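Participant:
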Amino acid sequence: MKNSLLQNLITFYEEDPSDPFNIYALALEYLKSDSTEAEKFFDKLLTEHPDYLATYYPAAAFFAEIEKVEKAEIIYQKGIDLALLNNNTKTHQELLRAYRSFLDELDD
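In the numbering used here, the protein residues as written are 93 to 200.
#1: Which same chain residues, not among the five before or five after Leu176, have their C-beta less than 7 Å away from its C-beta?
#2: Assuming Phe134 contacts Ala119 under a Cβ cut-off of 8 Å, what Cβ separation, rounded to an integer in Å, is found between them?
#3: Just to confirm my understanding: we take Ile158, look at its own chain, exclude 5 residues before and 5 after, and list those with CB closer than 7 Å. What are they?
#4: So what's Pro109 in DSSP terms, helix, strand or just coil?
#5: Thinking C-beta only, is Ala190 closer than 9 Å to Ala146?
#6: Does Pro109 get closer than 9 Å to chain C when you measure Cβ to Cβ?
#7: Considering only their Cβ atoms, is the gap separating Ala117 from Leu138 smaller than 9 Å?
#8: Leaving out five residues before and five after Glu106 in sequence, what residues of the same chain have Cβ atoms less than 6 Å from its Cβ?
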């Protein structure tokens, strides 16, 4: 069996493609094996579910890793703003630290 977790996540997504968690779970699973599919699902989340805060940290890190630096920076900034708007201090701080680290790496 190829990847039973991936198959299960695809099934969940097919059953409810509008649930942002199903899309998020697929994006994270595809990070392990297929960056094209991961990108597709992160883009879908960011476009169709911009208020799904969990997306921003892994999506920004992913786009930074594949050297889509401008896109990663925008995602970090939007996530930071959204976390602040939602009064989610923990996520705000995590995103802010990750963003600062991202900027430091750009300066190196």
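C-beta: ideal position from N, C-alpha, C; glycine also. Bear in mind the structure is a predicted one, so any value in this text is a computation, not a measurement.
Facilitator: Based on what the coordinates show:
#1: His184
#2: 5 Å
#3: Ser127
#4: coil
#5: no
#6: Of the chains in the structure shown, none is chain C; there is only one protein chain.
#7: no
#8: none
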